[in-house]
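Written out below as structure tokens is the structure these notes cover.
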């Protein structure tokens, strides 16, 4: 609630969206996740450029980061599907994969201290039916390059099937 009020008070856009330039406010708690998200955005830019990019008939389009009341977001869009990356400013990134048929999947990206370094982790969120059964899903270590390739592959395969 407070975040929304502050965004309205200091915002200049009627849509509630504002272009965000990294680095945002650097603090000890969010500096690593912001660096991770910035690097992921760069990797997705490279993948989108490899797919032809905007203006070249490319299938993947990547938006600039924008500040919203709930955090910082950017979207990777393909033909009929989109992947929304939302930095919640709470130490993790929500990933919402929306398909052309209206289905959505959610995942969480975060960092985990491992061998003296911060390693990216990927964790799918259980669908609502599984959440009611209190079923847990495991996380796995990954890399920024693997994530960029994975999300581009999801959008490239989207016309034939589901987003997963």
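Residue numbers (my numbering): 62 to 225. Backbone N, C-alpha and C fix where the C-beta goes; we use that ideal spot for every residue, glycine too. Remember, it's a predicted structure, so these values are computed and weren't measured experimentally.
Check                                                                                                                                         : Outcome
According to the neighbour-count rule (16 or more other Cβ atoms, all chains shown, within 10 Å of its Cβ), is residue 109 buried or exposed? : buried
By DSSP, does residue 111 sit in helix, in strand, or in coil?                                                                                : helix
If the criterion is Cβ atoms closer than 7 Å, does the pair residue 101 and residue 148 meet it?                                              : no
How many Å lie between residue 127 and residue 134 at the Cα?                                                                                 : 5 Å
Over what stretch of residues does the beta strand (DSSP E) that includes residue 171 continue unbroken?                                      : 165-175
State the DSSP-derived secondary structure class of residue 131, mapped to helix, strand or coil.                                             : coil
If I'm right that residue 172 touches residue 181 with Cβ under 8 Å, what's the distance once you round it to whole angstroms?                : 6 Å
Just to confirm, is the Cβ distance from residue 123 to residue 105 under 7 Å?                                                                : yes
Residue 147 lies in the beta strand (DSSP E); which residues open and close that run?                                                         : 143-148
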